[in-house]
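Line by line, the protein sequences are chains H and S.
Under this note's numbering, residues 1 to 314 are what the first sequence spells out, in order.
Under this note's numbering, residues 315 to 624 are what the second sequence spells out, in order.
By construction, the Cβ of each residue, glycine as well, lies at the ideal position given by its N, Cα and C atoms.
Predicted, not measured: the structure shown is a model, and the values here were computed from it.
To start, the structure itself, in structure tokens.
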Amino acid sequence: MPSVKELAQKPMPLVGGHRACAGCPEPIAARWVMASSDKPVVACLATGCLEVTTTIFPYTAWGVPYIHVAFENTAAVACGVEAALKALKKRGRYDGDVNIVAFAGDGGTYDIGLQALSGALERGHKFVFVCLDNQAYMNTGIQRSGATPRYAHTTTSPAGDVLSGKPQGRKNIMEIVAAHGIPYAAQASPSHWKDFLLKSEKAFKADGPAFLNVLIACNLGWGFEPIETLEISRLAVETCFWPLYEIENGVYRINYKPRHKLPVEEFLKRQRRFAHLFRPENHHLIEAIQAEIDAQWEDLLRKEAMSASKGSSQ
Amino acid sequence: MSAVAQRNLIEIRWHARAGQGAKTAANILAQAALREGKYAQSFPEFGPERRGAPMQAFNRLSDEPFYMHSGITEPDIVIVVDPRLMETIPVTDGLKPNGWVIVNTHFSPEEAQVRWELKPFKVATVDASAIARETLKQDIPNVPLLGAFAKVTGLVSLETLQSDTVHRLEKRFRDRPQVIEANLKALERGFNEVSWVDAQVFEPILAEPSQIAFKSWTELQEGGIIPEPSTSLLYRTGSWRLERPVFDPQKCVQCLMCWLVCPDSAIVLESGKVVGIDYDHCKGCGLCSLQCPPKAKALTMVLEAEFDKK
């Protein structure tokens, strides 16, 4: 992994003047991913916050070639770019070597972009798909998505007298993606930059499609102050709400195990989207979330132990 | 007698940052006017930008029915929720001569007229942010500004605004009556503390041409391609800032953590070393100051208002 000093020598793949909210970690994550590439990068974007805020015509914040087509087909566009470069090489019209990276939000990954992503993973194109998971449709005004966690308030799952936020849990996108048998899938958070950069580097080196699921703490949609962004992301990891792990050729590895797993309450209480859970009558909902997270964490530990023995017997 | 003569259709334009409550304030104003038997409209206009970005909200108030639904380009009254917007945005664009500019600022109306070149207009000022901080415990200047609006224009009465505010907040804060109480206090103080001055110059002003020259569609590249990279550097997001990171090179240990986490790539490096901050693009999120090692503390956040005073 290059050191931060080495990264600082590289040209900036994404510059300022974009119009993301103050403190938004999306530009940070996009920069880190692209900076980890050893080759020039081509970026493909889904409709979403990152796309909208960085490319307000006639401006662009991208220092690398960039393409946006539609919400649902980011992965297909990335495959098209890969195929086009191959075709150009075959005809001798291009002899460079680039990495292709696709950025999509959770809407463009878990929901609207899922079939294009699945197709691209199945066909085995070499590209890195980065899901910037802020856990709702933040770009259009905080509507629930397949990535919204249980009991989170959104504008389409409002907390009130009838509902206590979204009744359903999150899709396990990591399992969905890993079930395609791709060489590399990992979950990362901007609060742990070394882990993040290592995973990005691994993703680019993978022999085939790679997937990164990145936690994006949204100060607007989650309800906290911009300066708290990285702290909240860190709490997500420390409470095992957002475990840092990777699945490399079927082998699970948890990259960070908190020494003292914090109660999920510590993560929830800092965000207004969970404020209704802290009314006395809703205390059991926090317990339910804790139970769910504990079960998922146990499950992950089990998978790691199992795949470790599988890995050694081979 | 109110300071605005009754006219059939009054058009109002709010200039604020997304998240400051201008949309809500415009809404409250329209509802209050409706309740007083007027015809009214309120609607916001957002770009694809985010919290902190400049936005506008509009009101039309009339004694008779009207059928216009467009954005307002020639307002009678302009309300400026964040005075720092006036550094980058021509808020008085299209404002009718002798129209009103109501500004949230600690400056007096006379000072404001000079400072922001508002002499052709009637100017009212109220330190709505200070009132909001004292009553609501946070900087939400929209409520005191509504109070000031009622006093200056007489287009709605304070009583109607008060009962509307109660009505609006009643359900949401049913277990916290002190929030409603604080809002009413903020409204009343805005009403009582606003002061104003007449226009000083009576020449029509010509609108300055827009800063960005948009090309016509025949000049655009196919597919809307932007051929040059990184052109967003021409767009300044520095005025979004409420707090400014101040860099002390003596204390810096050159760990580059601030550079790593800055979402706006606003930490300036020279031959691999941090030398300062790009205030044209820094939005003041404060992540850099939090990443700066506590032992070094080379970056501290200072309220932008401190620099305005100097």
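*How would you write the range of the beta strand (DSSP E) that M369(S) sits in, first residue to last?*
The count along the second sequence starts at 1 and reaches residue 369(S) at position 55. Run containing M369(S): 368 to 376, per the beta strand (DSSP E) assignment.
- Query: When the cut-off is 7 Å and only beta carbons count, does D512(S) lie next to chain H?
  - Reply: In the second sequence, counting from the first residue as 1, residue 512(S) sits at position 198. Not an interface residue.
If the criterion is Cβ atoms closer than 7 Å, does the pair Q185(H) and M174(H) meet it? Walking along the first sequence from the start, residue 185(H) turns up at place 185. Walking along the first sequence from the start, residue 174(H) turns up at place 174. Inspection of the sequence shows that residue 185(H) is occupied by Ala rather than by Gln. Yes, the Cβ-Cβ distance between A185(H) and M174(H) is below 7 Å.
**Asked** Is it the case that the Cβ atoms of T229(H) and P25(H) are separated by a distance below 7 Å?
**Response** One-based indexing of the first sequence puts residue 229(H) at position 229. One-based indexing of the first sequence puts residue 25(H) at position 25. The answer is yes: Cβ separation under 7 Å.
Residue burial classification, W531(S) (beta-carbon count within 10 angstroms, cutoff 16) = Here residue 531(S) refers to the residue found at position 217 of the second sequence. Classification for W531(S): exposed.
Which ranges does the alpha helix (DSSP H) cover as unbroken runs of at least 4 residues, wholly within the region 189 to 216 of chain H, from first to last along the chain?
-> 193 to 205
Which chain H residues sit within Cβ distance under 9 Å of W531(S)? Here residue 531(S) corresponds to residue number 217 of the second sequence, with the count starting at 1. The contacting residues do not exist; W531(S) stays about 12 Å from chain H at best.
Review point. Ends of the alpha helix (DSSP H) at G461(S)?
Key: Numbered from its first residue, the second sequence carries residue 461(S) at position 147. Run containing G461(S): 456 to 467, per the alpha helix (DSSP H) assignment.
Simplified DSSP state of I112(H), which is helix, strand or coil = Residue numbering aside, residue 112(H) sits at position 112 when the first sequence is read from its first letter. I112(H): coil per DSSP, three-state reduction.
Exercise. Could you tell me whether the region 258 to 270 of chain H touches the region 187 to 203 of chain H, where touching means 3 or more Cβ pairs closer than 8 Å?
Key: no
* Asked: Does K205(H) get closer than 7 Å to chain S when you measure Cβ to Cβ?
  -> Taking the first residue of the first sequence as 1, we reach residue 205(H) at position 205. Answer no: the Cβ-Cβ gap between K205(H) and chain S never drops below 7 Å.
Practice task
Inspect the CB distances between the region 216 to 235 of chain H and the region 269 to 283 of chain H and report whether three or more fall short of 8 Å.
Solution key: yes
Practice prompt. Give the secondary structure of N134(H) by DSSP, where H, G and I count as helix, E and B as strand, and everything else as coil.
Written response: Your numbering for residue 134(H) matches position 134 in the first sequence. Three-state result, N134(H): coil.
So with Cβ pairs under 7 Å, would you call Y59(H) a contact of chain S? Translated into the one-based positions of the first sequence, residue 59(H) becomes position 59. Yes, Y59(H) lies at the interface with chain S (some Cβ there is under 7 Å from its Cβ).
- Query: Residues in the region 591 to 606 of chain S with C-beta within 9 Å of chain H's C-beta atoms, listed in sequence order?
  - Reply: D592, D594, H595, C596, K597, G598, C599, G600, L601, S603, L604, Q605
Counting only Cβ-Cβ distances shorter than 7 Å, please list the residues of the region 553 to 587 of chain S near chain H, keeping chain order.
W554, L570, W573, L574, V575, P577, D578, S579, A580, L583, G586
### Distance between L121(H) and L85(H) (C-alpha atoms, nearest Å)
If you number the first sequence from 1, residue 85(H) lands on position 85. If you number the first sequence from 1, residue 121(H) lands on position 121. One C-alpha to the other measures close to 18 Å.
Query raised in the report: Per DSSP, what kind of secondary structure is Q355(S) in: helix, strand or coil?
Result: Within the second sequence, numbered from 1, the residue matching residue 355(S) stands at position 41. It is a strand residue.
Practice task
Could you have a look at Q187(H) and say whether DSSP puts it in helix, strand or coil?
Solution key: As a working mapping, residue 187(H) is identified with position 187 in the first sequence. It is a strand residue.
So is L520(S) in contact with chain H if we call contact Cβ pairs under 7 Å? Here residue 520(S) refers to the residue found at position 206 when the second sequence is read from its first residue. Because L520(S) carries a pLDDT of 45, less than 50, the predicted location of this residue cannot be relied on, and no value is offered for it.
CB contact check: S524(S) to chain H, cutoff 7 Å: The residue labelled residue 524(S) in the question sits at position 210 within the second sequence. The predicted position of S524(S) is uncertain, since its pLDDT is 42 and thus under 50; a value taken from the coordinates is nonetheless stated next. So no, S524(S) is outside the interface.
Review point. Which residues does DSSP pair with W62(H) in a beta bridge?
Key: Within the first sequence, the letter at position 62 stands for residue 62(H). Answer by DSSP bridge pairing, in chain order: L14(H).
According to DSSP, simplified to helix, strand and coil, what is R253(H)? Position 253 of the first sequence holds residue 253(H). Here R253(H) sits in strand by DSSP.
Check your understanding: With distances taken between CB atoms, is the gap from L547(S) to V64(H) smaller than 7 Å?
Key -> Within the second sequence, numbered from 1, the residue matching residue 547(S) stands at position 233. Within the first sequence, numbered from 1, the residue matching residue 64(H) stands at position 64. No, the pair does not count as a contact, with Cβ atoms beyond the cut-off.
Since E584(S) sits in a beta bridge, which residues does DSSP pair it with? Within the second sequence, the letter at position 270 stands for residue 584(S). DSSP lists K587(S) as partners of E584(S).
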